[in-house]
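Participant: Before we start, here is the structure in question, set down as structure tokens.
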Amino acid sequence: MAAPDNARFAETLTPDNAILAMIDHQTGLMVGVRDMNPAQLKNNIQGLSKMAKVLNLPSVVTASYPQGPNGPVMSEISNILTDATVVNRQGEINAWKSPEFRAAIKKSGRKKIIMAGIVTDVCLMFPAISAVAEGYDVYAVVDASGTWDEVSREAAIHRMTQAGVKVVTWASVLAEIMDDWRSPKGQALGAVLGEHTAYGYVYQSYMANQK
């Protein structure tokens, strides 16, 4: 019997099948984000980036004309993802239309893309939908992305969902890819979760009881 069309939604993320793509998290664009508290957004971006660092996930960081008004990539990303492939686009709005960006994704050999971007309804939504159309399984991390207002965010979520993009949060991605607290990176990932979510109180209590 053939697998149902939605069977791909059951295959989970693993450290061996995923790649992280951080799109247009630039200082100039951050100024205009209004759908989320800026401090919370920055916290979520750091958490997602640290997760990738702990797991040694291949990562691609791309910026749209960083020497222009959008500004450079946030230091919170570049200081964490020091080994990421960096793609500076000179005009493409949709990062997927950048040959260098697509090549960096393809080179990894991985078909699951954990993707976040600013702004959600352009820089994240466009490449997410384009990648799905080419057979990739895209996880759009909406709480590590931001846009001008809540209406824009909700519209983007609806359109991405309709196109087959998996809309997720960064903490759910971490939990899915960790899978088991006893995994080799379980303690390190737990520390990231503890540092960047309210789960930190639970984690601190647990660690105290281990001493």
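For the sequence shown, position 126 (counting from the first letter as 1) is numbered 129 according to our numbering, and the numbering increases by one without interruption. The beta carbon of each residue, even a glycine, is placed where N, CA and C say it ideally should be. All of these numbers come straight from a predicted model, not from anything done at the bench.
Name the residue from Asn-82, Val-144, Pro-41 whose alpha carbon lies nearest to the alpha carbon of Lys-115.
Facilitator: Stepping through the sequence shown from its first residue, residue 115 is reached at position 112. When only C-alpha atoms are compared, the closest one is Val-144.
Participant: Mind checking whether Asn-82 and Asp-27 have CB atoms under 9 Å apart?
Facilitator: Taking the sequence shown and counting its residues from 1, one reaches residue 82 at position 79. Taking the sequence shown and counting its residues from 1, one reaches residue 27 at position 24. Taking 9 Å as the Cβ cut-off, Asn-82 and Asp-27 do not qualify as a contacting pair.
Participant: Work out the CA separation of Gln-93 and Gln-70 for me, nearest whole Å.
Facilitator: The residue you call residue 70 lines up with position 67 of the sequence shown. The residue you call residue 93 lines up with position 90 of the sequence shown. Using only the alpha carbons, I get a separation of about 9 Å.
Participant: Using CA coordinates, which residue listed in Val-176, Ala-136, Trp-184 is at the minimum distance from Ala-166?
Facilitator: As a first step, residue 166 must be located in the sequence shown, where it is residue number 163. Looking at the Cα atoms, Ala-136 is the closest of the given residues.
Participant: How many angstroms separate the CA atom of Arg-185 from the CA atom of Lys-56?
Facilitator: If you number the sequence shown from 1, residue 185 lands on position 182. If you number the sequence shown from 1, residue 56 lands on position 53. Taking the straight line joining both Cα atoms gives about 19 Å.
Participant: Skipping 5 residues on each side, what residues in its chain have a beta carbon closer than 7 Å to that of Ala-131?
Facilitator: For the purposes of this step, residue 131 is identified with residue 128 of the sequence shown, where counting begins at 1. So the qualifying residues of the chain are Met-118, Val-141, Ala-143, Met-163, Val-168.
Participant: List the DSSP bridge partners of Ile-48.
Facilitator: Here residue 48 is taken as the residue at index 45 of the sequence shown, counted from 1. Looking at the DSSP assignment, Ile-48 forms no beta bridge with any residue, so it has no partner.
Participant: Take Ser-67 and list the residues in its own chain whose beta-carbon comes closer than 6 Å to its own, dropping the five residues that flank it on each side.
Facilitator: Position 64 of the sequence shown, counted from the start, is the residue given in the question as residue 67. Excluding residues within five positions, the ones whose Cβ falls inside 6 Å are Asp-27, Asn-73, Arg-92.
Participant: Look at Thr-65 and Ala-24 and say whether their C-beta atoms are less than 9 Å apart.
Facilitator: The residue given as residue 65 occupies position 62 in the sequence shown. The residue given as residue 24 occupies position 21 in the sequence shown. Cβ atoms of Thr-65 and Ala-24: closer than 9 Å.
Participant: Once DSSP output is grouped into helix, strand and coil, what is the label at Gln-29?
Facilitator: The residue labelled residue 29 in the question sits at position 26 within the sequence shown. Three-state result, Gln-29: strand.
Participant: According to DSSP, Met-118 sits in a beta bridge with which residue or residues?
Facilitator: By one-based count along the sequence shown, residue 118 stands at place 115. Met-118 pairs with Ala-24, Ala-143.
Participant: Could I get the ranges of all uninterrupted beta strand (DSSP E) runs contained in the region 123-193, with 3 residues as the minimum, in chain order?
Facilitator: The region 123-193 contains these whole beta strand (DSSP E) runs: 140-144, 169-171.
Participant: Which class does Ser-62 belong to by DSSP, given the choice of helix, strand or coil?
Facilitator: The residue given as residue 62 occupies position 59 in the sequence shown. Residue state, collapsed to three classes: strand.
Participant: Nearest-angstrom Cα distance between Asp-146 and Ala-134?
Facilitator: Looking up residue 146 in the sequence shown gives position 143. Looking up residue 134 in the sequence shown gives position 131. Computed Cα separation, rounded: 20 Å.
Participant: The beta strand (DSSP E) with Arg-105 in it runs from where to where?
Facilitator: For the purposes of this step, residue 105 is identified with residue 102 of the sequence shown, where counting begins at 1. Taken as a continuous stretch (DSSP letters only), Arg-105 belongs to no beta strand (DSSP E), being part of the alpha helix (DSSP H) at 102-111.
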